[in-house]
Amino acid sequence: MRWLYTAAWRLALPLILARLWWRGRREPGYRDFVGERLGHYTVSRRQKLLWIHAVSVGEARAAAPLVRMLQQAFGDHRVLMTCTTAAGRETIKQVYGESVLESYLPYDFPAAVQRFLEYFRPRLGVLMETEIWPNLLAGCAASGVPLLLANARMSEKSARGYARWKALTGPAFRSLAAVCAQSAADAERLRALGAAHVAVTGNLKFDVQPDASQLAAGRAWRAALDRPVVLLASTREGEEKMLLEHLGGSFLTVVVPRHPQRFDEVAQLTQSRRSRTPLPAPADRVHLGDTMGEMAFYFGACDVAVIGGSFMPLGGQNLIEALAAGTPVVTGPSMFNFAEATRLAVQAGAAIQAADAARAMAQARALLTDPARRQAMSKAGRQLCEAHRGATERHLAACRDLLKERGRG
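First residue of the sequence shown? That's 0 in numbering that gives the first Met the number 0, and the numbers climb one at a time after it.
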């Protein structure tokens, strides 16, 4: 089955490269380091290397506590971080600076994978969340590189998709040396797909601490503005219009799109933008948050956060960072990528899940007039995050075990 999968990749390669070039019109980073995607590298390397793959922005940020702990525990190793998207690479630069090596992960061709493994020779690989690439996993198994699927999640929808291709994906799941699942439900689905060494370790995102200086700057911005603020956080295409139809009231709405290439498009719906007008005018109703790496600022600057990606069938975006900042949260119906965190937040009284955009904005407006409830939700969110911290230590223990096993082998 894997040979058919590889043949499909080969046939699609010209289209894939053309798409890279096309996307590079709006995000120039897609036209950089194309050779890395085919397994050709100029990045410096070290003999002792730990490799972490974080496909894009969310995974790169979620990996931060684990990366820091690995660097402390294995000071004689260097960390290599790979990604797939240009925004993910930019996030790695912002979050980690020169403390890690960075590269694109190669496309899932056997030869490209083999060049990657021979060049870097990682002692351990950590794949964040749901990165199952059959040739990559087969290549790691053949080269003796143990792979940990970290912060692993598996929705019912994704599990059904993998199960349809079990002849291809089953060997990939079985080749994983260990899996650290976010929840018992995720663990059960992963085992059903073939993963053998699965432990429930919790969600690394609960261990990510919001930047204190950004939070303080956001709160100072809110105080200078002197009016209520609703944040539309990490919105996806089509959601801004859907939500902005239901404004009402005299509050300011701040929109922060999930993808930076959409900033100019969304700017057409706003009266000002942070990169040009740091403090919006009193008459402005909608302000665009068009800066990267400042989500803690925006969560500090708002009274209520409405989480994007949840009003289309996309599975939602990360709500945990808002909870950790003490921001009351409203989500839409589609949060399957954060199902367990959403369930816990709603149960704790830290978040409200609405059936659609109209009801979500109605809930946000109601919260603006209820400071006591906002305060209670803020406290509940912080307490929830505090209660669920500790996933990083459990992930580190799994990494130690795999490295010990490799050393004995």
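Using N, Cα and C, we set each Cβ at its ideal position, and we do this for glycine too.
Query	Result
Nearest neighbour of E239, chosen from P259, L268, A194 [CA to CA]	L268
Inter-residue Cα distance where the pair is R88 and Q346	35 Å
Cβ neighbours of E58 in the same chain (closer than 6 Å, five flanking residues each side left out)	M127, E128
Proximal residues to L402 (C-beta, below 7 Å), its chain only, five neighbours per side dropped	R122, L123
At least three beta-carbon pairs within less than 8 Å, the stretch 164 to 173 to the stretch 347 to 354	no
Spatial distance of G217 from C301 (CA atoms)	8 Å
Candidates L343, L322, Q362, E320, of which the one nearest G331 by Cα	Q362
Expected contact under 8 Å - CB spacing of R226 and L251 to nearest Å	6 Å
N134 - containing alpha helix (DSSP H), residue span	133 to 142
Segments assigned alpha helix (DSSP H), at least 4 residues, entirely inside the stretch 293 to 338	294 to 300, 319 to 323
Rounded separation between M419 and S98 - CA only	There is no way to answer for residue 419, as the model of the chain reaches only from 0 to 408.
Helix, strand or coil at H258 [DSSP, three-state]	coil
Same chain, Cβ closer than 6 Å to A149, neighbours up to 5 away in sequence not counted	V125, M127, C179, H394
Unbroken beta strand (DSSP E) run spanning Q352, endpoints	350 to 352
D369 classed as buried or exposed, judged by whether at least 16 other C-beta atoms fall within 10 angstroms	exposed
Cα-Cα separation, P133 to C139	10 Å
Proximal residues to V303 (C-beta, below 6 Å), its chain only, five neighbours per side dropped	V229, P327, A363, L366
I15 beta carbon less than 8 Å from that of G106	One point to set straight first is that residue 106 is Tyr, not Gly, in the sequence displayed. Contact: yes.
Bridge-paired residues (DSSP) for I51	M80, V125
Inter-stretch contact at 8 Å, needing at least 3 Cβ pairs: the stretch 65 to 75 / the stretch 26 to 35	no
Residue(s) in a DSSP beta bridge with L146	G124
Separation of G307 from R25, as counted between CA atoms	22 Å
R30 versus A371: straight-line alpha-carbon distance, rounded	50 Å
F108 versus Q46, E236, H39, residue with shortest Cα-Cα distance	H39
Contact between the stretch 307 to 324 and the stretch 199 to 214 (3+ Cβ pairs under 8 Å)	yes
Cα-Cα separation, D400 to L189	20 Å
Residue(s) in a DSSP beta bridge with R364	BP columns for R364 are empty, so no partner.
6 Å Cβ shell around E101 - same chain, five flanking residues per side excluded	M80, I91
Beta-carbon spacing of V54, E155 below 8 Å	no
Top-ranked residue by Cα proximity to R221, from Y161, G299, C398	G299
Neighbourhood of F73 by C-beta, 7 Å cutoff - its chain only, sequence neighbours within 5 removed	L49
For S102, the residue or residues it bridges with in DSSP	T81
Cβ-based neighbour list, S271, same chain, cut-off 6 Å, excluding 5 preceding and 5 following	P279, D283, H286
Of the listed residues L19, P277, Y95, nearest to A62 (C-alpha basis)	Y95
DSSP state of T269 mapped onto helix, strand, coil	coil
Contact set for R482: own chain, Cβ-Cβ below 6 Å, skip 5 residues either direction	Past the edges of the chain, shown from 0 to 408, lies residue 482, and the structure says nothing about it.
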